[in-house]
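*Asks:* Just so you know, we're using UniProt numbering here: the sequence shown kicks off at 1 and counts up by one.
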Amino acid sequence: MAPVARRPRQILALLLLSYSRVVPTAALIDELWDGSAPKTARAAVQTYVFELRKRFAAAAGLGMDAVGSEILRRARNGYEFVAEATWFDLRSFRQREQTGVAAMAEGDLSKAAQDFRAALLMWSGPALAGVEPGPSMRAEVAGLEQSRATMLNHCIELELRFGRHREILSELANLVSYDRFNEDLYAQFMVALYRSGYRARALEAFHRLRKDMVGRFGLEPSPRLHRYYQSVLTSDPELDEMPVRPLPSELPVLHP
1 MAPVARRPRQ
11 ILALLLLSYS
21 RVVPTAALID
31 ELWDGSAPKT
41 ARAAVQTYVF
51 ELRKRFAAAA
61 GLGMDAVGSE
71 ILRRARNGYE
81 FVAEATWFDL
91 RSFRQREQTG
101 VAAMAEGDLS
111 KAAQDFRAAL
121 LMWSGPALAG
131 VEPGPSMRAE
141 VAGLEQSRAT
151 MLNHCIELEL
161 RFGRHREILS
171 ELANLVSYDR
181 FNEDLYAQFM
191 VALYRSGYRA
201 RALEAFHRLR
211 KDMVGRFGLE
221 PSPRLHRYYQ
231 SVLTSDPELD
241 EMPVRPLPSE
251 LPVLHP
C-alpha cells in the first residue's frame, strides 16, 4: 500500500522508522522541506496524513476512525504509527535482533545465529530504497544500517565458530567486494578461505585489501590483519579454532 507521491512516502517512512514513538509535526515539516517550509506546511502535512489513512483503510478494510485510533494516531503535537496493530518488516527485524542478542547473552549461540540470519534475510537492498530522505530520516537510516552491519558481523562470526566456513564463502566474497575496506570482514574471509583449504586465496585477499588501502589512503592494513596474514602464511594451527571477532559477551569489562 506504499503511496506513490514523494512526500506522503517520506512521512510514512519516518513514521515507520519511529514506530511506537510520536513524531512531532515540526519534525515531519523539517523532513519534507529541510528548513525551507512554506506557510502552508502544517496544513499540507495534515493532508498527507489523511491520504495515508485512506490508503490504510482501503488496505485493511477499516473505517477512517479505526485507522486514526489503531494505526496512524494523532498524539500530542505530532503523529504516531501504532506498531501493536500492525506487522511490518522493520518491526520483525528489530524483534529478531532483540531475541538474537538475548540468546547470545544467555550463551545459546545456535539460536542467536538463527535469529540473526532470519533478520538479515528480510533485507533485499538498502534501507528505504526509493524514498528521498530528509535530515531526520538520514539519521534513522544510518542507525538501522549500522544495526544490520553489526548483526551481519555477529552472524558471520557464529557461522565460523560452527564450522560453516565453506557455506559462507560466497557470501563473504560478495561482502568484501561491496565493502572494500572493512577489515573485520576481510579477517573473516581470510579465515574462512584458509579453513576451506584455499590458503593461496586467503593470502591474495590480504594483498588485494593492502593494495586498495595503500592506493586510496596511503595506509597499511591494521597490525591485526598483518597477524592473520602471517598466520595463514605459516599455516598456524590456531587458525583452525580461534575466534576471529569477539562477541559482545566476550568483550573485556573496563573499570574506571
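By construction, the Cβ of each residue, glycine as well, lies at the ideal position given by its N, Cα and C atoms.
1. Tell me the DSSP secondary structure of E80 in three-state form.
2. Taking just the CA atoms, how far does S110 sit from P246?
3. Work out the CA separation of L203 and D240 for me, nearest whole Å.
4. Between which two residues does the beta strand (DSSP E) carrying A75 extend?
5. As a quick exercise: from I71, E80, L16, A59, pick the residue whose alpha carbon is nearest that of P24.
6. According to DSSP, which residues form a beta bridge with P24?
7. Are at least three pairs of beta-carbons, each pair with one atom in the region 152-160 and one in the region 49-61, less than 8 Å apart?
8. Just to confirm the assignment, what range does the alpha helix (DSSP H) spanning K211 have?
9. For the alpha helix (DSSP H) containing A129, list its first residue and its last residue.
10. Give me the Cα-Cα distance between L72 and L152, rounded to the nearest whole angstrom.
11. Quick one, which of R164, R117, R208 has its alpha-carbon nearest A192's?
12. Between which residues of its own chain and F117 is the CB-CB distance below 7 Å, once the five residues before and five after are set aside?
13. Could you check whether E145 and A127 sit closer than 9 Å to each other, using their CB atoms as the reference points?
14. Hey, how far is the Cα of P256 from the Cα of G143?
15. For A105 and T99, I'd like the C-alpha separation in whole angstroms.
16. Go through its chain and collect everything with a Cβ distance to Y194's Cβ below 7 Å, but skip five positions before and after it.
17. Can you say whether D65 is buried or exposed, counting buried as having 16 or more other CB atoms within 10 angstroms of its CB?
18. Rounded to whole angstroms, how far is the Cβ of V22 from the Cβ of G78, which I believe are closer than 8 Å?
19. Select from V45, A60, S20 the residue whose C-alpha is nearest the C-alpha of I29.
20. Taking DSSP as the reference, what is the three-state secondary structure of L62?
21. Pick out whichever of Y48, A102, A37 has its Cα sitting closest to the Cα of L15.
22. What is the DSSP secondary structure of W123, reduced to helix, strand or coil?
23. Among A103, F162, L17, whose alpha-carbon lies nearest the alpha-carbon of S92?
24. What three-state label does DSSP hand E140 in the structure shown?
25. Going by alpha carbons, who is nearest to G215 out of A112, A187, R180?
26. My output table needs one value for N174: the three-state DSSP class, helix, strand or coil.
27. Hey, how far is the Cα of A13 from the Cα of G125?
*Replies:* The answer reads as follows:
1. strand
2. 16 Å
3. 16 Å
4. 72-75
5. E80
6. G78
7. no
8. 199-217
9. Here A129 belongs to no alpha helix (DSSP H), and DSSP marks it neither H nor E.
10. 32 Å
11. R164
12. First, the residue type needs correcting, since residue 117 is Arg and not Phe in the sequence shown. Excluding residues within five positions, the ones whose Cβ falls inside 7 Å are C155.
13. yes
14. In this predicted model, P256 has a pLDDT of only 35, less than 50, meaning its place in the structure is not dependable; the value taken from the coordinates is given anyway. The straight-line gap from Cα to Cα measures roughly 28 Å.
15. 10 Å
16. A202, V232, L239
17. exposed
18. 5 Å
19. V45
20. coil
21. Y48
22. coil
23. L17
24. helix
25. R180
26. helix
27. 15 Å
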